[in-house]
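J.:
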Amino acid sequence: MFVPFDNSEPSILKVLQYFFITLLAIRCNKTEMLAMVPKRASLAGARSTLTEAQFGLSEQNMFNQFGNVVTIMCQGAFFYPDHSYEKFIACGLKSSSETEGEWTGYGGTSLPLPLECEPVTCPYEEAFLKAQYNIEKEFQIKYENGSTMHLTSLKATPYPYKTKITYTCSEGYETVTKTQQLILICEKFGKWVPQLNPCLEKEKVMSITSSGRYVPPSVEALSATKIGITVIVIIFIFLTSIVLLDLATLRRDIGWMFTNIRLQKRLWQAKKRVREAKRKRVKNQ
């Protein structure tokens, strides 16, 4: 492909422009792309890793352009055998070719893709009762077609989408939402909602919000009278401590004063004895 250039542009920009337009001209096989789509799946969109451009379903003619990543998504309540809902394929440059594109897996996707998406199921292990759950042994299970069964144990098999299991708390127990029954539903992402949790003793039930967050029990705020009494007690203790410290200091100072008086008295008596001794010596001479 020949691309005219403006001679005023730097040569490096000409080269980059040429290669960019050349790459965008490379296409992967559209028929191969459509053949990759599994049963119960469909093309969901594409984006360019070169320009970050997004392409919707009405622009499928652009999906097979070089550098594009195409999303293939399972429909409705179906997923891939690995329980993922999306797979990605990318249009890259074919090995040993500079003008021909080739489809490869992208973002952890391996080729070839599965032939079909499987119906969503939820594992029985996540809804299996344990003795310490404080839940009645008998429970009800209802399927999407409306059929209902009463069982005492789940079968060791995955359960289909929209299956509903109704458990009942034992006497004296209730759920964290303060209800007697716990209803689990197999949702489209392959998980039981809500998660199976043990029933709690009624006086020990935790408070939670509508979003499932735990709310600690409320604590009554102290009244103004209680706060005032507390402040007065603190001030009294503080002042008492100061007085006790002052008394200890006063006692120490008084003790030092009497000690000094006794020392001064002894010094005066010693000086008096020295003067009398001198007078006696003078008189005897």
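Per the numbering used here, the sequence shown runs over residues 48 to 332. Every residue, glycine too, gets a C-beta built ideally from N, C-alpha and C. As the structure is a prediction and not an experimental result, all values here were calculated from the model.
(1) Quick one, which of 72, 136, 312 and 244 has its alpha-carbon nearest residue 152's?
(2) Looking only at DSSP bridge pairs, what is residue 240 linked to?
(3) Using a threshold of 7 angstroms, state whether the C-beta atoms of residue 4 and residue 249 are closer than that.
(4) Less than 7 angstroms separating the beta-carbons of residue 206 and residue 182?
(5) Of all the options 82, 220 and 305, which has the alpha carbon lying nearest to the alpha carbon of residue 158?
(6) Which one of 325, 279, 75 and 218 has the shortest CA to CA distance from residue 144?
(7) Spatial neighbours of residue 125 within its chain, please: CB distance less than 7 angstroms, with the 5 preceding and 5 following residues excluded, ordered by chain position.
(8) From residue 139 to residue 149, what distance separates their C-alpha atoms?
(9) Taking the beta carbon of residue 178 as the centre, do at least 16 other beta carbons fall within 10 Å, making it buried, or is it exposed?
(10) Ignoring anything shorter than 3 residues, give me the beta strand (DSSP E) runs that lie fully in the region 97 to 166, in order along the chain.
(11) When burial is assigned at 16 or more other CB atoms within 10 Å of the CB, is residue 123 buried or exposed?
(12) Which class does residue 285 belong to by DSSP, given the choice of helix, strand or coil?
(13) By how many angstroms is the C-alpha of residue 291 removed from the C-alpha of residue 308?
(14) Between which residues of its own chain and residue 174 is the CB-CB distance below 7 angstroms, once the five residues before and five after are set aside?
(15) Since residue 333 and residue 184 are thought to touch, with beta carbons under 8 angstroms apart, how far apart are those beta carbons, to the nearest angstrom?
(16) Cα-Cα, which of 245, 194, 197 and 236 is closest to residue 216?
(17) Per DSSP, residue 168 is paired with what?
(18) Quick one: what's got a C-beta closer than 8 angstroms to residue 228's C-beta in the same chain, skipping five residues either side?
(19) Excluding the 5 residues flanking residue 128 on each side, which residues of the same chain have their C-beta closer than 7 angstroms to its C-beta?
(20) Buried or exposed: which applies to residue 62, given that a residue is buried once 16 or more other Cβ atoms fall within 10 Å of its Cβ?
(21) CB-CB under 6 angstroms to residue 80, same chain, minus the five flanking residues each way: which ones, in chain order?
(22) Quick one: what does DSSP say residue 189 is sitting in, helix, strand or coil?
(23) So what does DSSP say about residue 184, is it helix, strand or coil?
(24) I'd like the list of long-range same chain contacts for residue 196, defined as Cβ closer than 6 angstroms, with 5 residues on each side in sequence excluded.
(25) Take residue 218 as the anchor and find which of 191, 97 and 180 has the nearest alpha-carbon.
(26) Under 7 angstroms, do residue 114 and residue 142 count as touching if we go by C-beta distance?
(27) Relative to the C-alpha of residue 236, which residue among 98, 78, 132 and 186 is closest?
(28) What does a CB cutoff of less than 6 angstroms around residue 93 pick up in its chain, not counting 5 residues either side in sequence?
(29) Is the beta carbon of residue 210 closer than 7 angstroms to that of residue 233?
(30) Secondary structure at residue 250, three-state DSSP: helix, strand or coil?
T.: Well, looking at it:
(1) In this structure, 136 is the residue among 72, 136, 312 and 244 with its C-alpha nearest to the C-alpha of residue 152.
(2) Partner residues in the beta bridge of residue 240, as assigned by DSSP, are 232.
(3) Residue 4 lies beyond the range of the chain shown here (48 to 332); nothing can be said about it.
(4) No; because the gap between Cβ atoms is not below 7 angstroms, this pair is not in contact.
(5) That would be 82, whose Cα lies nearest to the Cα of residue 158.
(6) Nearest of 325, 279, 75 and 218 to residue 144, Cα basis: 75.
(7) Contacts found: 87, 164, 165, 166 and 167.
(8) Looking at the two C-alpha atoms, the distance is approximately 5 angstroms.
(9) The residue in question, residue 178, is exposed, as its Cβ has fewer than 16 Cβ neighbours within 10 Å.
(10) Whole beta strand (DSSP E) segments, 3+ residues: 115 to 121, 133 to 140 and 148 to 152.
(11) An exposed status is given to residue 123, since fewer than 16 other beta-carbon atoms sit within 10 Å of its beta-carbon.
(12) In this structure, residue 285 counts as helix in the three-state DSSP scheme.
(13) If you take the alpha carbons of residue 308 and residue 291, they lie about 26 angstroms apart.
(14) Only 201, 212, 231, 239 and 243 meet the Cβ criterion.
(15) Within the shown structure, residues of the chain are numbered from 48 to 332, placing residue 333 beyond reach of any answer.
(16) Nearest option by C-alpha distance: 245.
(17) In DSSP, residue 168 forms a bridge with 207.
(18) Cβ within range, chain order: 213, 214, 215, 216 and 222.
(19) Around residue 128: 161 and 165.
(20) Only weak support exists for where residue 62 lies, its pLDDT of 49 falling under 50; the value from the coordinates is given anyway. Residue 62 should be labelled exposed.
(21) Hits under 6 angstroms: 111.
(22) In the three-state DSSP reduction, residue 189 falls in the strand class (E or B).
(23) Here residue 184 sits in coil by DSSP.
(24) Closer than 6 angstroms at Cβ, skipping near neighbours: 188.
(25) For the options 191, 97 and 180, the alpha carbon positioned closest to that of residue 218 is the one of 180.
(26) Note that the C-beta distance between residue 114 and residue 142 is not below 7 angstroms.
(27) Closest in alpha carbon position to residue 236, among 98, 78, 132 and 186, is 132.
(28) Here the set comprises 102, 110, 115 and 117.
(29) With contacts defined by Cβ atoms closer than 7 angstroms, residue 233 and residue 210 form a contacting pair.
(30) Reduced to three states, the DSSP call for residue 250 is helix.
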